[in-house]
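Written below as structure tokens is the structure these notes are about.
Here it is in structure tokens:
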């Protein structure tokens, strides 16, 4: 290939002049005399391009270009205007998706709220039991260490109900424990029905003699003995109520003393003194089939709060306690007879001081 022509400074000066004047040959005379031949030579070379054949421009190309420009301008104007879009068409799939999300949220939040409420009620129940222990401690301090117990409770017929017209019987510690006429009818070593016994409980310097008025703990109102705490001003009536109890009444179960044993607060620390309501008694009262190891219904059958004699409050998911009499499992809903057997008939008094049995 031949190298392109190289213009000198004079040629560049003349070319700039011609470009400014539209390559008009009549303007060459305006140049200095020395530059005129250069200008004429450049104009002669430019005339070669005018003679070169070329196709005319296609009108369709121009029209297409103008149409594209117009469409672009319209799109820009439309993007700048604020308009109202048409609402989307209703689709069943969208409705199903929304319903699934709502159900998922309900399935997560509802159990969570229920669990939080149950935990709050359990905490309030435990707080009431601690208040009850404080009241029991104050009562015991004023009564020689004894727990609340009386042989007759007004307004109900219970295991501690005295005979009609018979006042509470309090005798000295050295008094006979069972009347002689009744003792002749009892056989040693044979568990007796509650209606066959006059039970006595020792207190400092005295013995409380209790005449049992009903044949079963299911027909008693044993927790009414705790009302003495309210009557004496040691606690309020609400403290004897579990907030989770649907019955809305005092529904704590109270320890039942063993036959002939001491009913004192200074018993071993693992002794249950108050607990949530006994569901076995409730089933017997309503005629339902009772289970042996079910949980209290105060907390939807999930467990029960237990108050021990040392003031500890524990949440237990089973009524079965380890370390009962003779190392056996101790069911707090059922009394054990002298042979250590749980009695579903609910007619026995605890035959061992270590037996944990609560009733309401």
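Numbering (the numbering used here), first residue to last: 721 to 1080.
Ideal Cβ placement from N, Cα and C applies to all residues, glycine included.
Determine which residues share a DSSP beta bridge with residue i and list them.
i, result
"residue 1074", "According to DSSP, residue 1074 bridges with nothing at all."
"residue 974", "994 and 1079"
"residue 1034", "1026"
"residue 1065", "In DSSP, residue 1065 forms no bridge with anything."
"residue 984", "866"
"residue 1056", "1062"
For residue i, which three-state DSSP category applies?
i, result
"residue 731", "helix"
"residue 1040", "strand"
"residue 866", "strand"
"residue 1009", "coil"
"residue 749", "helix"
"residue 1050", "strand"
"residue 941", "coil"
"residue 963", "coil"
"residue 736", "helix"
"residue 1021", "coil"
"residue 955", "coil"
"residue 1003", "helix"
"residue 861", "helix"
"residue 741", "coil"
"residue 726", "coil"
"residue 936", "coil"
"residue 754", "coil"
"residue 883", "A caution first: residue 883 carries a pLDDT of 34, below 50, which makes its placement in the model too unreliable to give a value."
"residue 850", "helix"
"residue 703", "No statement about residue 703 is possible, as the shown extent of the chain runs from 721 to 1080 and does not include it."
"residue 817", "helix"
"residue 989", "coil"
"residue 837", "helix"
"residue 901", "Residue confidence is low: residue 901 scores 37 on pLDDT, short of 50, so the model does not pin down where it sits. Its coordinate-derived value is still stated next. Three-state result, residue 901: helix."
"residue 764", "helix"
"residue 829", "helix"
"residue 892", "With a pLDDT of only 28 at residue 892, under 50, the local geometry of the prediction cannot be trusted, and the value read off the model is given with reservation. Reduced to three states, the DSSP call for residue 892 is strand."
Output the boundary residues of the alpha helix (DSSP H) element that contains residue i.
i, result
"residue 1014", "Premise fails: residue 1014 is in no alpha helix (DSSP H) and is neither H nor E."
"residue 948", "947-951"
"residue 792", "779-800"
Between residue i and the ligand NAD, is the CB less than 6 Å from at least one heavy atom?
i, result
"residue 992", "Inclusion of the ligand NAD in the displayed structure is not the case, the ligand content being empty and no account of it being possible."
I'd like to know if the stretch 1060-1079 and the stretch 937-950 are in contact, where contact means that at least 3 CB-CB pairs between them fall below 8 Å. Touching, yes.
Touch test, the stretch 973-984 against the stretch 941-955, Cβ-Cβ under 8 Å, three pairs minimum: They touch, by the three-pair rule.
The stretch 819-837 contacting the stretch 950-961, beta-carbon criterion three pairs below 8 Å: Contact check between the stretch 819-837 and the stretch 950-961: fewer than three CB pairs, one atom from each, fall below 8 Å, which does not count as touching.
At a cut of 8 Å, does the stretch 1025-1035 reach the stretch 988-997 through at least three beta carbon pairs? Yes, they touch.
Taking 8 Å as the cut-off, does the stretch 1001-1020 touch the stretch 1036-1043 (at least 3 CB pairs, one atom from each stretch)? Verdict: yes, contact present.
Segment contact flag, the stretch 859-868 with the stretch 980-987, C-beta cutoff 8 Å, min 3 pairs: Result yes; three or more Cβ-Cβ pairs closer than 8 Å.
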